[in-house]
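Numbering (the working numbering), first residue to last: 66 to 400. The C-beta atom is built at its ideal place from N, Cα and C for all residues, glycine as well.
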Ligand SMILES: Cc1ncc(COP(=O)(O)O)c(C=O)c1O
């Protein structure tokens with residue numbers, strides 16, 4: 066077996082490069098104290114407790130036309146996750162925003178995905194968080210995936226998940242231990258559908274692997290699960306705000322949080338999914354049975370266009386990220 070030393074690093078790094086890393090644009094690491102653009106350098110020490118214990122938190126945020134969408138909403142949730150894990154964020158809100166914006170600027174793409182990780186930090190291979198002298202911050206900017214409905218305009222197919230719902234406390238933390246979420250995604254893939262829907266012990270809808278889920282009832286109520294057992298999705302909360310417009314125009318009667326049973330889903334007129342990567346999507350089939358007409362419905366269409374408009378035009382949730390006029394001429398108006 067070969068043994069390597071640090072002088073072999075350039076050769077090792079060259080051997081680590083893969084074509085699937087083409088969409089990895091930039092990474093900030095507090096351990097380096099700066100930004101790297103070579104994917105071979107986008108690495109973490111194996112004794113960081115985020116690696117071997119999942120002891121860390123994260124946020125997935127996107128930029129649209131050079132602006133970061135709902136950065137404050139994501140950073141508020143990062144704060145909440147940090148508090149729940151007794152993790153001290155290694156940067157103030159202003160410093161965090163500056164680091165994120167600089168990493169996006171270095172990435173140089175108007176539309177990209179930002180993942181912010183706060184780890185317990187390197188320290189030992191034990192479970193004890195007190196072994197780690199200081200938490201670390203990693204920010205990775207990669208290419209943005211195509212939204213689900215652009216790839217599947219016919220809508221999504223959903224199956225019932227058998228994975229136990231997270232407890233109330235754990236479901237509120239965007240923690241790097243995503244084993245249940247990974248298993249839900251595996252269930253969906255294995256069942257040949259797009260998403261798996263979780264249910265709690267009382268049979269009420271929780272959420273998908275990385276998305277929130279809700280319904281439109283036959284009497285025009287837009288309902289999402291109560292926040293007890295789910296991650297409060299930034300997209301779901303924004304969609305609920307935007308949906309208030311539809312109550313004024315009579316398309317919806319109310320927008321609310323409620324207990325949603327499997328039976329409620331089967332008699333619903335529409336099923337909706339929300340998330341940073343999928344935006345808002347329509348679910349058209351549940352456990353092999355059509356939902357409503359079996360096609361994306363009018364509330365989905367209205368919310369999809371309201372959200373699209375919000376992401377591109379409503380500057381209240383947009384934080385300018387890229388300021389170079391060569392990369393982002395449209396940004397001039399917003400700055
Ligand atoms: C478990 C879970 N629920 C819901 C969501 C949707 O949250 P957001 O709309 O903030 O992306 C996510 C996002 O990754 C998630 O991981």
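For residue j and residue i, believed in contact at Cβ under 8 Å, the rounded distance
{"i": "residue 136", "j": "residue 122", "result": "Their Cβ separation, rounded to whole angstroms, is 16 Å, which puts residue 136 and residue 122 out of contact at 8 Å."}
{"i": "residue 185", "j": "residue 152", "result": "7 Å"}
{"i": "residue 281", "j": "residue 362", "result": "7 Å"}
{"i": "residue 133", "j": "residue 302", "result": "Rounded, the Cβ-Cβ distance is 17 Å, inconsistent with contact."}
{"i": "residue 230", "j": "residue 264", "result": "7 Å"}
{"i": "residue 210", "j": "residue 342", "result": "6 Å"}
{"i": "residue 177", "j": "residue 169", "result": "7 Å"}
{"i": "residue 207", "j": "residue 89", "result": "5 Å"}
{"i": "residue 240", "j": "residue 150", "result": "7 Å"}
Residue range of the beta strand (DSSP E) that includes residue i
{"i": "residue 335", "result": "335 to 340"}
{"i": "residue 203", "result": "201 to 208"}
{"i": "residue 276", "result": "Where residue 276 is concerned, there is no enclosing beta strand (DSSP E), given that its DSSP letter is neither H nor E."}
N-terminal and C-terminal residue of the alpha helix (DSSP H) that residue i is part of
{"i": "residue 251", "result": "244 to 256"}
{"i": "residue 183", "result": "Premise fails: residue 183 lies in the beta strand (DSSP E), 177 to 184, not in any alpha helix (DSSP H)."}
{"i": "residue 172", "result": "158 to 172"}
{"i": "residue 136", "result": "136 to 149"}
{"i": "residue 365", "result": "363 to 378"}
{"i": "residue 78", "result": "74 to 81"}
{"i": "residue 304", "result": "299 to 313"}
Rounded C-alpha distance that separates residue i from residue j
{"i": "residue 105", "j": "residue 181", "result": "19 Å"}
{"i": "residue 103", "j": "residue 115", "result": "22 Å"}
{"i": "residue 226", "j": "residue 235", "result": "18 Å"}
{"i": "residue 73", "j": "residue 348", "result": "51 Å"}
{"i": "residue 245", "j": "residue 371", "result": "32 Å"}
{"i": "residue 330", "j": "residue 356", "result": "7 Å"}
{"i": "residue 390", "j": "residue 78", "result": "In this predicted model, residue 390 has a pLDDT of only 40, less than 50, meaning its place in the structure is not dependable; the value taken from the coordinates is given anyway. Roughly 34 Å between the two C-alpha positions."}
{"i": "residue 360", "j": "residue 307", "result": "22 Å"}
{"i": "residue 416", "j": "residue 76", "result": "Residue 416 lies beyond the residue range present for the chain, which begins at 66 and ends at 400; the question has no answer from this structure."}
{"i": "residue 201", "j": "residue 146", "result": "15 Å"}
{"i": "residue 220", "j": "residue 376", "result": "21 Å"}
{"i": "residue 173", "j": "residue 164", "result": "14 Å"}
{"i": "residue 311", "j": "residue 317", "result": "5 Å"}
Buried or exposed by the 16-neighbour rule on C-beta atoms within 10 Å, applied to residue i
{"i": "residue 222", "result": "buried"}
{"i": "residue 117", "result": "exposed"}
{"i": "residue 290", "result": "buried"}
{"i": "residue 452", "result": "Residue 452 falls outside the range modelled here, since the chain spans only 66 to 400, and no answer is possible."}
{"i": "residue 237", "result": "buried"}
{"i": "residue 344", "result": "buried"}
{"i": "residue 284", "result": "exposed"}
{"i": "residue 68", "result": "exposed"}
{"i": "residue 70", "result": "exposed"}
{"i": "residue 159", "result": "exposed"}
{"i": "residue 374", "result": "exposed"}
{"i": "residue 364", "result": "buried"}
Any C-beta of chain C under 8 Å from that of residue i
{"i": "residue 163", "result": "Protein chain content of the structure displayed is limited to a single chain, and chain C is not contained in it."}
Best match in the options for proximity to residue i [C-alpha to C-alpha]
{"i": "residue 224", "options": "89, 67, 250", "result": "250"}
{"i": "residue 297", "options": "143, 99, 79, 210", "result": "143"}
{"i": "residue 199", "options": "87, 206, 373, 183", "result": "183"}
{"i": "residue 339", "options": "358, 304, 356", "result": "304"}
{"i": "residue 272", "options": "355, 70, 336", "result": "336"}
{"i": "residue 324", "options": "266, 355, 343, 196", "result": "266"}
{"i": "residue 94", "options": "149, 203, 254, 233", "result": "203"}
{"i": "residue 167", "options": "329, 88, 100, 70", "result": "100"}
{"i": "residue 258", "options": "352, 375, 78, 96", "result": "352"}
{"i": "residue 327", "options": "228, 269, 277, 207", "result": "269"}
{"i": "residue 275", "options": "124, 91, 87", "result": "124"}
{"i": "residue 322", "options": "87, 314, 346, 279", "result": "279"}
{"i": "residue 218", "options": "386, 154, 66, 366", "result": "366"}
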